[in-house]
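Trainee: Would you mind keeping the following structure in view while I ask a few things?
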Amino acid sequence: MHFGGIYEDEVVGKMYDRKLMRRFVRYIAPYRRLIWVVLVMLPIMAVTKLAQPWLLKSAIDNHIVTGKLEGLPLLAAGFLGLIFAESAVTFVEVYLLQYVGQKVMYDIRIELFAHIQRLSARFFDQTPVGSLVSRLTSDIEVLGEMFAAGIVTIVGDVMVLAGIVGIMLWMNVKLSLVTFSVLPLLIWVAFTFRNWMRVAFRQVRARLGNLSAFLAESLGGMMVVQLFNRERDEAREFRRLNESYRDANLPVITWDAALYAVVESLSSVAVALIIWYGGGEIVKETLSFGALVAFIQYIERFFSPIRDLSAKYSVMQGAMASLERIFGLLDKKEEEQEPARLLVSPPQAAAVAAAGGRRTPGSISFSDLWFAYHNEDYVLKGFSLEVKSGEKVALVGETGGGKTTVTRLLSRLYEINRGCISIDGTDIREMSLKSLRSRIGVVLQDPYLFTGTIAYNISLGDPEAAKRVERAAAVVGADRFIRQLPKGFDEEVRERGGNFSAGERQLISFARAVAFDPEILVLDEATASVDPASERLIQQGLEGLMEGRTTLVVAHRLSTIRDADRIVVIHRGEKAEEGTHAELLAAKGLYYRLYQLQFKE
Ligand SMILES: Nc1ncnc2c1ncn2[C@@H]1O[C@H](COP(=O)(O)OP(=O)(O)OP(=O)(O)O)[C@@H](O)[C@H]1O
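Each residue of the sequence shown is one higher than the last, beginning at 1 in full-length UniProt numbering.
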């Protein structure tokens with residue numbers, strides 16, 4: 001494996017995008033009262049910050065220098081009160097903002113996940129799962145940073161800065177101008193260094209993306225790596241990616257350290273300027289000693305918001321990029337165009353219910369299907385097939401012929417380009433996906449088991465299916481091995497079923513299909529052969545599974561094929577032959593050749 005290119009780039013976007021923000025504000029709207037509380041607190045906060053140096057000035061000039069000590073305790077108490085008020089307001093403000101941030105992140109995560117669930121198979125074909133995970137986690141986390149960094153408090157920062165400028169000018173215009181002479185340099189440094197940091201940070205993100213993608217593949221394929229003795233090569237590749245990630249971080253650290261160093265020294269320069277120029281003013285008695293101290297205090301309070309502003313600017317840029325990606329995903333079209341009409345009209349549904357719930361097996365009609373996964377690369381070219389109610393049809397053919405594709409189209413995982421599929425005479429596009437899929441039970445080649453108990457894996461948490469768990473397991477003969485487990489149906493499934501054999505996993509997935517009691521069964525038979533004992537179990541399971549259902553099997557087992565009512569040979573996207581096993585053998589066509597090659601031991 002060699003992960004070279006940039007896995008996922010990050011756009012360095014605007015710091016503020018009106019359209020994105022307007023859409024984002026809708027998510028904050030439910031919590032606007034809390035935001036108002038924060039906004040109301042901002043001026044209070046500004047006043048507490050601005051008043052402290054002023055009290056100090058008053059203490060020095062009016063009491064310490066003049067020797068009038070009687071008012072001093074009161075001033076000290078006031079000072080203490082201000083500190084207390086400042087910390088209380090800070091607490092409430094930080095808490096509320098982060099609280100709102102967490103709520104908003106939660107809401108967006110829920111909406112995004114629900115949206116992703118409705119996207120089509122085509123979308124998942126084209127999108128790496130890793131990038132969806134990062135949308136749901138790190139991108140949303142960046143939005144959280146926007147709250148943590150206190151974007152709302154920018155308003156407060158600006159108030160404090162304006163207040164400091166105002167007070168300083170009012171105390172002494174000349175001294176203020178001398179002090180402010182370092183400002184242009186400070187602002188230039190803060191914003192330029194941040195920008196350089198951001199550019200470097202893009203590299204970091206891209207290389208981290210490469211590293212994670214490599215890790216996901218390498219850890220997922222650990223067994224193959226070990227079996228083929230590829231550990232050293234994998235380790236070498238990992239070292240390379242790890243080094244490139246580390247190196248990408250170096251410029252970021254450098255600019256960060258430089259920014260702090262420069263801001264610190266500039267603030268010392270400013271203090272030195274105050275002492276140099278202000279000292280002279282004191283001697284000339286145009287400035288009081290207390291004012292000098294207050295100046296120094298103000299200038300210290302002036303530098304940190306400016307440094308923070310540049311940090312907030314970066315966070316905003318990041319948040320805009322994240323918002324763009326999140327909204328981009330939310331704008332991906334959902335798969336379902338819910339039909340105007342219902343599958344079964346209410347009177348029909350009532351009749352079905354009165355008949356005991358279980359419907360008769362559905363008949364399926366595929367007529368003149370044309371389908372391509374990409375552009376004009378047709379995988380199916382005018383495929384037609386009628387399957388009668390309760391019939392078992394085996395689809396066979398050479399690999400890549402389009403058998404699985406036919407079954408996917410039936411469940412509407414993909415939409416057909418041309419032609420029509422109908423169940424009991426109703427076009428499947430006129431059914432809701434939910435009702436269509438509840439009529440079809442699909443058993444995949446490699447059954448997917450979830451973390452949870454066996455019972456959960458059979459019912460998937462569906463209350464109706466849950467009632468039928470044990471019966472379903474019995475129908476397919478899975479109950480025998482399940483009952484032998486220490487905890488029976490409550491045995492935990494680990495690592496996607498790693499603690500069960502392939503045959504056992506198959507039986508569990510058969511039981512799942514039976515528990516949902518579909519009228520139509522779609523089976524993609526596993527190509528891998530299992531030992532004769534398991535084979536017999538699976539065979540019996542299949543019989544139980546197919547009983548009373550219309551079945552479409554992508555068949556690889558000779559026994560399934562022989563038992564089928566009809567065999568359909570699919571060749572390069574078209575129906576090449578159809579008939580019973582005996583008929584097709586006698587015809588000495590494609591099936592005959594396939595049989596000689598694949599099925600005859
Ligand atoms: N998700 C997909 N995206 C793009 N092309 C696909 C996708 N799935 C299948 N194909 C292509 O469509 C063609 C038919 O695939 P399909 O899986 O239907 O064949 P099959 O007859 O079931 O083969 P097999 O017997 O090997 O399972 C193949 O050429 C395959 O490469």
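Note that CB positions come from ideal geometry on N, CA and C, so glycine has one too.
Which residues have their C-beta within less than 5 Å of a heavy atom of ligand 1, listed in chain order?
Mentor: Ordered along the chain, the selected set is Asp125, Tyr373, Val379, Thr399, Gly400, Gly401, Gly402, Lys403, Thr404, Thr405.
Trainee: Are the beta-carbon atoms belonging to Gly130 and Ala206 less than 9 Å from one another?
Mentor: By one-based count along the sequence shown, residue 130 stands at place 130. By one-based count along the sequence shown, residue 206 stands at place 206. No. Outside cutoff.
Trainee: Is there contact between the region 413-428 and the region 367-384, where contact requires at least three CB pairs shorter than 8 Å?
Mentor: Yes, the region 413-428 is in contact with the region 367-384.
Trainee: What are the start and end residues of the alpha helix (DSSP H) that includes Ser314?
Mentor: As a working note, residue 314 is residue 314 in the sequence shown. It spans 289-330 - the alpha helix (DSSP H) in which Ser314 sits, taken as one unbroken run.
Trainee: So who's on the other strand from Gly441, going by DSSP bridges?
Mentor: Translated into positions along the sequence shown, residue 441 becomes position 441. For Gly441, which the question treats as bridged, DSSP gives the partners Leu521.
Trainee: Go ahead and label Met316 buried or exposed: buried means 16 or more other beta carbons lie within 10 angstroms of its beta carbon, across all protein chains shown.
Mentor: If you number the sequence shown from 1, residue 316 lands on position 316. Met316 is buried by the Cβ-count criterion.
Trainee: Just the Cα atoms here: how many angstroms apart are Val37 and Val89?
Mentor: Here the question's residue 37 lines up with position 37 in the sequence shown. Here the question's residue 89 lines up with position 89 in the sequence shown. Roughly 11 Å between the two C-alpha positions.
Trainee: For the alpha helix (DSSP H) containing Ile44, name the first residue and the last one.
Mentor: Position 44 of the sequence shown holds residue 44. First-last of the alpha helix (DSSP H) with Ile44: 32-58.
Trainee: Does DSSP classify Asp368 as helix, strand or coil?
Mentor: As a first step, residue 368 is located in the sequence shown; it is residue number 368 there, counting from the start. Asp368 falls in the strand class under three-state DSSP.
Trainee: Taking only the alpha-carbon atoms, compute the straight-line gap between Ser509 and Gln596 and give it to the nearest angstrom.
Mentor: As a working note, residue 509 is residue 509 in the sequence shown. As a working note, residue 596 is residue 596 in the sequence shown. Roughly 31 Å separates the two Cα atoms.
Trainee: Determine the direct distance from the alpha carbon of Asp524 to that of Val225, and round the result to whole angstroms.
Mentor: Stepping through the sequence shown from its first residue, residue 225 is reached at position 225. Stepping through the sequence shown from its first residue, residue 524 is reached at position 524. Approximately 28 Å, taken between the alpha carbons.
Trainee: Could you tell me how far apart the beta carbons of Ile110 and Tyr27 are, in whole angstroms, since I believe they sit closer than 8 Å?
Mentor: Taking the first residue of the sequence shown as position 1, residue 110 is located at position 110. Taking the first residue of the sequence shown as position 1, residue 27 is located at position 27. Going by Cβ atoms, the distance from Ile110 to Tyr27 rounds to 11 Å, so no, they are not a contact pair.
Trainee: Starting from Leu72, trace the beta strand (DSSP E) in both directions and tell me its first and last residue.
Mentor: Taking the sequence shown and counting its residues from 1, one reaches residue 72 at position 72. Where Leu72 is concerned, there is no enclosing beta strand (DSSP E), although the alpha helix (DSSP H) it sits in stretches over 72-117.
Trainee: So, at 8 Å on beta carbons, what are the nonlocal neighbours of Tyr568 in its own chain, with the 5 sequence-adjacent residues on each side left out?
Mentor: Start at 1 with the first residue of the sequence shown, and residue 568 comes out as number 568. What sits at residue 568 in the sequence shown is Val, not Tyr. Closer than 8 Å at Cβ, skipping near neighbours: Leu385, Val393, Ala394, Leu395, Val396, Lys575, Glu577, Glu578.
Trainee: Rounded to the nearest angstrom, what separates Ile423 and Pro128 at their Cα positions?
Mentor: The count along the sequence shown starts at 1 and reaches residue 423 at position 423. The count along the sequence shown starts at 1 and reaches residue 128 at position 128. Spanning the two alpha carbons is a distance of roughly 34 Å.
Trainee: Mind checking which residues open and close the beta strand (DSSP E) that includes Thr405?
Mentor: In the sequence shown, counting from the first residue as 1, residue 405 sits at position 405. Here Thr405 belongs to no beta strand (DSSP E); instead the alpha helix (DSSP H) covers 403-410.
Trainee: Buried or exposed: where does His374 fall if 16 or more other Cβ atoms within 10 Å of its Cβ makes it buried?
Mentor: Within the sequence shown, numbered from 1, the residue matching residue 374 stands at position 374. Classification for His374: exposed.
Trainee: Give the straight-line distance between the Cα atoms of Leu82 and Phe24, rounded to the nearest whole angstrom.
Mentor: In the sequence shown, the residue the question calls residue 82 occupies position 82. In the sequence shown, the residue the question calls residue 24 occupies position 24. Their Cα atoms are separated by approximately 36 Å.
Trainee: In the DSSP assignment, the beta strand (DSSP E) including Ser384 goes from what residue to what residue?
Mentor: By 1-based counting over the sequence shown, the position of residue 384 is 384. Segment 378-387, the beta strand (DSSP E) holding Ser384.
Trainee: Just reading off the alpha helix (DSSP H) that His581 is part of, what are its end residues?
Mentor: By one-based count along the sequence shown, residue 581 stands at place 581. Per DSSP, His581 belongs to the alpha helix (DSSP H) from 581-587.
Trainee: Under 9 Å between C-beta atoms, does Asn242 make it to chain C?
Mentor: Included in the structure is just one protein chain, with no chain C present.
Trainee: Nearest to Glu464 by alpha carbon, out of Leu485, Lys487, Arg412, Pro518?
Mentor: Taking the sequence shown and counting its residues from 1, one reaches residue 464 at position 464. It is Pro518.
Trainee: Which first and last residues belong to the beta strand (DSSP E) in which Arg566 is found?
Mentor: Counting from 1 along the sequence shown, the entry for residue 566 is found at position 566. Counting along the chain, the beta strand (DSSP E) containing Arg566 begins and ends at 566-571.
Trainee: Give the secondary structure of Ile421 by DSSP, where H, G and I count as helix, E and B as strand, and everything else as coil.
Mentor: The residue given as residue 421 occupies position 421 in the sequence shown. Note: Ile421 maps to strand in three-state DSSP.
Trainee: Between the C-alpha atoms of Pro43 and Glu141, what's the straight-line distance to the nearest angstrom?
Mentor: To locate residue 43, count along the sequence shown from 1; it is residue 43. To locate residue 141, count along the sequence shown from 1; it is residue 141. Cα to Cα, Pro43 sits roughly 29 Å from Glu141.
Trainee: Below 8 Å, how does it come out for the region 156-172 and the region 300-316: are there three or more Cβ pairs, yes or no?
Mentor: Yes, the region 156-172 is in contact with the region 300-316.
Trainee: Reducing DSSP to helix, strand and coil, say where Thr453 ends up.
Mentor: Stepping through the sequence shown from its first residue, residue 453 is reached at position 453. Reduced to three states, the DSSP call for Thr453 is strand.
Trainee: Excluding the 5 residues preceding and the 5 following Gly544 in the sequence, name in chain order all residues of the same chain whose CB lies nearer than 6 Å to its CB.
Mentor: Position 544 of the sequence shown, counted from the start, is the residue given in the question as residue 544. Excluding sequence neighbours, Gly544 sits near Val475, Val476.
Trainee: Would you decide whether Met223 is buried or exposed? Buried here means 16 or more other CB atoms lie within 10 Å of its CB.
Mentor: The residue labelled residue 223 in the question sits at position 223 within the sequence shown. Met223 comes out exposed.
Trainee: Bridge partners for Ala394 per DSSP, in chain order?
Mentor: Here residue 394 corresponds to residue number 394 of the sequence shown, with the count starting at 1. In the DSSP output, where bridge partners are listed per residue, Ala394 has Val553, Ile567.
Trainee: Does DSSP classify residue 602 as helix, strand or coil?
Mentor: Absent from the model: residue 602. The displayed extent of the chain is 1 to 601, so no value can be given.
Trainee: Which residue or residues does DSSP assign as beta-bridge partners of Phe426?
Mentor: Position 426 of the sequence shown, counted from the first residue, corresponds to residue 426. Sequence inspection shows Thr at residue 426; the Phe mentioned does not correspond to that position. In DSSP, Thr426 forms a bridge with Ile423.
Trainee: Any chance the region 253-262 sits against the region 187-195, with 3 or more Cβ pairs inside 8 Å?
Mentor: Short answer: they touch.
Trainee: Using the three-state DSSP reduction, which class does Ala526 fall into: helix, strand or coil?
Mentor: Taking the first residue of the sequence shown as 1, we reach residue 526 at position 526. Coil.
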